[in-house]
Each structure stands twice: as C-alpha cells, then as structure tokens.
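Let me begin by presenting the structure, written as structure tokens, before commenting on it.
Protein chains in written order, with the numbering used here: chain A, -16 to 88; chain B, -16 to 88.
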C-alpha cells in the first residue's frame, strides 16, 4: 500500500464472511457498495489523469523519434500489474496504456 | 474529480505540448514518468481493495441467491467507466468486475 495514498484507499477494515453463517448485514452491504463506488471514482480519476500525463510525454517523444524504450516500459508496466493484481492485471494495464496513446479529450 | 481524493490524484498541473516546438524538458519527462508510476500505484491499491470489498459482498449474496440485481449493477458500472473514460473504460471495468468475482488471495 502506497504510503501517501494508503489512508485514502484503505478507509475501513473489510469483514469477509467465511461462509453463510456470518453474512454481512444490510448496513454492511450498503456501506460496502458505497465503498466500491468510491474506489471506482478513484480509479477513474487516476486513469484519466494518467492518460493526460502519458499523452504529454508522448507528444514530446514523437518529436524526437524512438519507440524501443517505450516498448520496454510498457512491458514492465503490464508485468507490474500482473504481479500485483494477478491474471486481470494485464487487461487493466493494457487499457491504461492504450488510453495514454490516444487522442486528447 | 472526487472531492475527497482530488488532492491526491491531481498533484500538479500537467503541461501538454501542442507540437514539437514546445517539448517537455528532461526534468519534466522524468517528473511525468514518476507521476505515472504514482498513479499506477493508486490504481493498483484501489483495484485490490475493490476486489476485497466486492468479494465480501459476494460471499453474503451467495448465501441468499439472486443474481439479477448484480447483473444490472455490473452493466451500470461498465457504462459508467465508458462514460467517464471512453472506449477503454469497459475493458477496465470488466477486469475489475472479474477480480471481484474471483477467489480470495
């Protein structure tokens, strides 16, 4: 967990039922759904900002050629997301990388 | 931009070159790459936490049947990511939703 952002991401302790005998209460379910919405908003904001920053770098790179280093960096990012998030990580990383290549707006 | 998390996501103003005559400096590129790494860490932390919360809800749901509401909610989430992030949004949302269905760990 990132030190600067951990307090924002990790707002409260999550109770995970181990079976059907300790289900979440209606209040807990409502709270957890709200937490998912909050996390989605964080992911969306960070993804949009990431695309903006990545495009700014790309604009400069286009003016000076060279794609090899970028390819290496993209592979590293995909591997990082796989290492940290498992099998779904590369799908998220690939979408983020495509967003960073795309047109502005 | 989410009010609670905006200050964490939006750490500094991004300068986007409009052409090749105003490229980012080496310092700017380095700073922007570090910013991308920081945003990736936020996305990874939020995605991992999202999966944990979503699985906790799923464990309770399994004990009481019913999938129709969940399907509606998943469609809403995919649409939200498309609305906010464009064409790549659904790929990110789908990966997050699959993570939330998966096994723990």
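C-beta atoms are modelled at their ideal positions from N, C-alpha and C, and glycine is treated no differently. Just so you know, these numbers come straight off a predicted model, no measurement behind them.
Taking the C-alpha atoms as reference points, what is the distance between residue i and residue j?
i	j	result
residue 72/A	residue 10/A	31 angstroms
residue 12/B	residue -1/B	11 angstroms
residue 43/B	residue 15/A	12 angstroms
residue 53/A	residue 84/B	33 angstroms
residue 55/A	residue 62/A	11 angstroms
residue 17/A	residue -7/B	22 angstroms
residue 22/B	residue 31/A	10 angstroms
residue 82/B	residue 41/A	30 angstroms
Here's the rule I'm using: 16 or more other beta-carbon atoms within 10 Å means buried, otherwise exposed. How should residue i be labelled?
i	result
residue 70/A	exposed
residue 66/B	exposed
residue 58/B	exposed
residue 5/B	exposed
Please determine whether the Cβ atom of residue i lies at a distance below 8 angstroms from any heavy atom of the ligand NAP.
i	result
residue 42/A	Ligands are entirely absent from the displayed structure, and the ligand NAP is therefore not among its contents.
Given a cut-off of 9 angstroms on the beta-carbon distance, is the pair residue i and residue j in contact?
i	j	result
residue 27/A	residue -5/B	no
residue 89/B	residue 39/A	With chain B covering -16 to 88 only, the question about residue 89/B has no answer from this structure.
residue 79/A	residue 33/A	yes
residue 36/A	residue 19/B	yes
residue 74/B	residue 8/A	no
Quick check on residue i: does DSSP put it in helix, strand or coil?
i	result
residue -3/B	coil
residue 68/A	helix
residue 7/B	coil
residue 83/A	helix
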